[in-house]
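J.:
Numbering (the UniProt record's numbering), first residue to last: 1 to 526.
(1) State the DSSP-derived secondary structure class of residue 324, mapped to helix, strand or coil.
(2) Just tell me which of 439, 225, 113 and 282 has its CA closest to the CA of residue 552.
(3) Roughly how many whole angstroms lie between the Cα atoms of residue 69 and residue 448?
(4) Looking at the structure shown, is residue 423 part of a helix, part of a strand, or coil, going by DSSP?
(5) I'd like the list of long-range same chain contacts for residue 490, defined as Cβ closer than 8 Å, with 5 residues on each side in sequence excluded.
(6) Who are the near neighbours of residue 504 in its chain, counting only those whose CB is closer than 8 Å to its CB and skipping five residues on each side?
(7) Determine the burial state of residue 260: buried for a count of at least 16 other Cβ atoms within 10 Å of its Cβ, exposed for fewer.
(8) Report the rounded CA-to-CA distance for residue 114 versus residue 128, giving the unit in angstroms.
(9) Determine the direct distance from the alpha carbon of residue 394 to that of residue 327, and round the result to whole angstroms.
(10) Counting only runs of 4+ residues fully inside the region 346-425, write out the alpha helix (DSSP H) ranges in chain order.
(11) Are residue 191 and residue 220 close, meaning C-beta to C-beta below 8 Å?
(12) What is the residue span of the alpha helix (DSSP H) that residue 63 lies within?
(13) Whose C-beta lies closer than 6 Å to the C-beta of residue 352 among residues of the same chain, with five residues either side of it excluded?
(14) Specify the secondary structure class of residue 148 as computed by DSSP and reduced to three states.
(15) Considering only the alpha carbon of each residue, which of 349, 467, 525 and 79 lies closest to residue 250?
(16) Could you say which of 324, 330 and 349 lies nearest to residue 299 if we only look at CA atoms?
(17) According to DSSP, is residue 310 part of a helix, a strand, or is it coil?
(18) Where does residue 488 land, buried or exposed, given buried means 16+ other C-beta within 10 angstroms?
(19) Determine the extent of the alpha helix (DSSP H) in which residue 475 is found, giving its start and end residues.
(20) Going by C-alpha to C-alpha distance, which of 17, 518, 323 and 289 sits closest to residue 445?
(21) Considering residue 1, what are the terminal residues of the beta strand (DSSP E) in which it resides?
(22) What do you reckon, are the CB atoms on residue 312 and residue 280 nearer than 8 Å?
(23) Could one say the Cβ of residue 307 lies closer than 8 Å to chain B's Cβ atoms, at least one of them?
(24) Relative to the C-alpha of residue 96, which candidate in 522, 476, 66 and 370 has its C-alpha closest?
(25) Which residues in the same chain have their Cβ closer than 8 Å to the Cβ of residue 413, if we skip the five residues on either side of it in sequence?
(26) Only counting runs of 3 or more residues, tell me where the beta strand (DSSP E) segments fall wholly within the region 202-262, in order along the chain.
(27) According to the neighbour-count rule (16 or more other Cβ atoms, all chains shown, within 10 Å of its Cβ), is residue 370 buried or exposed?
(28) Taking all protein chains shown into account, do 16 or more other C-beta atoms lie within 10 angstroms of the C-beta of residue 408, making it buried, or fewer, making it exposed?
(29) Check the DSSP bridge columns for residue 519 and list the partner residues they point to.
(30) Measuring alpha carbon to alpha carbon, tell me which of 392, 164, 332 and 506 ends up nearest residue 201.
(31) Which residue's Cα is closest to the Cα of residue 276: 106, 358, 1 and 309?
(32) Roughly how many angstroms separate the alpha carbons of residue 216 and residue 154, rounded to a whole number?
(33) Go ahead and label residue 27 buried or exposed: buried means 16 or more other beta carbons lie within 10 angstroms of its beta carbon, across all protein chains shown.
(34) Looking only at DSSP bridge pairs, what is residue 106 linked to?
(35) Can you tell me which of the three DSSP states residue 269 falls into?
(36) Counting C-beta neighbours from all protein chains within 10 Å, is the total for residue 318 16 or more, i.e. buried, or is it exposed?
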């Protein structure tokens with residue numbers, strides 16, 4: 001959920017505007033957005049939003065938040081193509097101004113100058129930003145790695161990065177994701193060799209799942225299909241979008257012609273290779289639907305699924321669920337633990353050390369990853385000779401210059417949720433109520449009273465998610481009895497009566513189940 005703000009002379013620029021994905025602590029939520037309260041209060045001073053590359057954690061929140069900020073966007077062609085598609089899907093194509101900046105291009109925003117510096121990553125046009133300010137130059141790396149043979153897209157050479165460092169860099173704002181890795185991340189070219197070996201040895205159908213946005217891997221898989229004499233089939237809307245934008249912006253020029261699902265199933269299994277979304281266990285993605293038999297693509301005993309992606313922490317259970325289903329069908333599975341079928345798009349320690357050597361910043365500001373990653377990069381950078389390193393938290397305000405670095409304040413930050421079509425606070429009333437219901441269940445009680453406040457008929461009680469199972473009828477009978485006795489106590493104030501009924505029924509539920517469900521009480525006057 002990357003959002004970075006740089007300010008000088010009373011003006012601000014935003015670098016990236018990403019999102020993250022829901023987890024079980026946010027029931028019913030797919031997308032989580034950053035709370036931009038600080039810059040929304042200062043939006044008159046915001047000049048624009050500059051995007052480093054097209055991954056969801058860097059551009060995903062644009063369709064939901066950019067229009068309200070009312071400032072233009074700046075991106076290189078491939079990233080701009082992805083953004084344009086998102087804006088058009090939300091009906092915002094004419095409401096948000098999008099400036100396309102040529103690769104390695106420069107532009108000015110008030111007191112800020114920006115130059116795109118290409119770096120290798122797992123998506124075309126991964127870029128660092130060289131930011132010129134009146135007080136010094138900042139190198140904001142975005143996501144990056146060193147890859148001398150990336151298969152797709154451009155990258156800056158050591159000499160070019162050294163030339164940037166020669167002109168002086170105030171601060172290096174640098175990716176920390178793989179700081180604990182003692183080895184460099186490796187080249188995409190080596191992954192092609194690993195995939196050739198694995199897929200060349202497979203005797204049945206092969207399905208390879210990878211991140212849809214990893215267009216370099218998609219390019220590699222196209223070459224692997226040729227290398228192994230297999231027809232290529234693509235399964236997943238997000239893959240279709242990435243391929244379309246990549247081709248429109250000059251990438252994937254030699255990508256093989258693909259076949260449809262029906263033809264893929266008619267061909268001999270040895271002649272087919274499928275690229276599919278869903279390697280992180282997403283329930284609605286192509287791989288899950290294939291595994292559970294609800295997709296036109298079918299796999300059977302002896303077929304192979306290759307996970308050409310890293311398992312993101314937090315997704316272990318979802319991935320394991322799909323792998324268990326595949327294992328139950330005697331389908332072979334290969335991950336990066338069994339063969340060289342994936343490399344990361346982020347720098348290990350050797351790559352970080354080289355970047356420090358080339359750029360030679362006065363200040364290191366680790367970003368990306370968790371607190372432990374940023375703290376470790378700060379330590380590592382200082383060991384490598386950088387004089388100052390600042391460990392940030394979300395909301396930290398840092399003065400880089402003059403008289404920096406210094407921690408000068410903290411602004412409120414937080415999370416928003418996209419709940420259906422509504423944006424809400426992640427820890428607001430709606431989500432807190434939903435968590436309570438999901439954890440403890442719901443009881444709805446309705447009582448009818450006459451004008452004298454006497455009970456008419458029997459209380460109506462319905463339950464959802466209360467663990468009473470075969471004792472359901474007995475529990476409902478006791479709950480109705482508890483509600484009737486609460487009415488008989490004779491509280492005249494309706495609010496007090498509603499609370500008396502609520503507590504009586506919940507007390508009965510706790511006696512039965514040990515849980516404290518949400519109890520909703522309605523009173524009808526007849």
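Using N, Cα and C, we set each Cβ at its ideal position, and we do this for glycine too.
T.: Working from what's here:
(1) Taken through DSSP and simplified to helix, strand or coil, residue 324 comes out as helix.
(2) The question about residue 552 has no answer here: the residues shown for the chain are numbered 1 through 526.
(3) Rounded to whole angstroms, residue 69 and residue 448 show a C-alpha spacing of 50 Å.
(4) Strand, per DSSP.
(5) Residues of the same chain with a CB within less than 8 Å of the CB of residue 490, apart from the 5 flanking positions on each side, are 453 in chain order.
(6) Taken in chain order, the residues that qualify are 482, 483, 485 and 486.
(7) Exposed: under 16 other Cβ atoms inside 10 Å.
(8) One C-alpha to the other measures close to 10 Å.
(9) If you draw a straight line from the Cα of residue 327 to the Cα of residue 394, it comes to about 41 Å.
(10) Those alpha helix (DSSP H) runs which fall completely within the region 346-425 and span 4+ residues are 349-359 and 371-383.
(11) It is a contact, given that the beta carbons lie within the stated cut-off.
(12) Residue 63 -> alpha helix (DSSP H) spans 62-69.
(13) So no residue of the chain qualifies.
(14) Residue state, collapsed to three classes: coil.
(15) With distances taken between Cα atoms, residue 250 lies closest to 79.
(16) Ranked by Cα distance from residue 299, the options 324, 330 and 349 are led by 330.
(17) In the structure shown, residue 310 adopts coil according to DSSP, grouped into three states.
(18) Classification for residue 488: exposed.
(19) From DSSP, the alpha helix (DSSP H) with residue 475 extends over 472-488.
(20) Comparing C-alpha distances from residue 445 to each of 17, 518, 323 and 289 shows the shortest one belongs to 518.
(21) No beta strand (DSSP E) contains residue 1, which DSSP labels as neither H nor E.
(22) Yes, the pair counts as a contact, with Cβ atoms nearer than the cut-off.
(23) In the structure shown, chain B does not exist; there is a single protein chain.
(24) It is 66.
(25) Apart from sequence neighbours up to five positions away, the residues of its chain that approach residue 413 with a beta-carbon distance below 8 Å are 34, 35, 37, 38, 394 and 395, ordered along the chain.
(26) For the beta strand (DSSP E) assignment, the uninterrupted runs of no fewer than 3 residues enclosed by the region 202-262 are, from N- to C-terminal side, 206-209 and 231-235.
(27) Residue 370 is exposed by the Cβ-count criterion.
(28) Exposed, by the Cβ-count rule.
(29) For residue 519, which the question treats as bridged, DSSP gives the partners 443.
(30) Closest by alpha carbon: 332.
(31) The shortest Cα separation from residue 276 among 106, 358, 1 and 309 belongs to 309.
(32) Roughly 11 Å separates the two Cα atoms.
(33) Under this definition residue 27 is an exposed residue.
(34) DSSP, once it has assigned bridges, lists 115 as partnering residue 106.
(35) Residue 269: helix per DSSP, three-state reduction.
(36) By the 10 Å Cβ count, residue 318 comes out buried.
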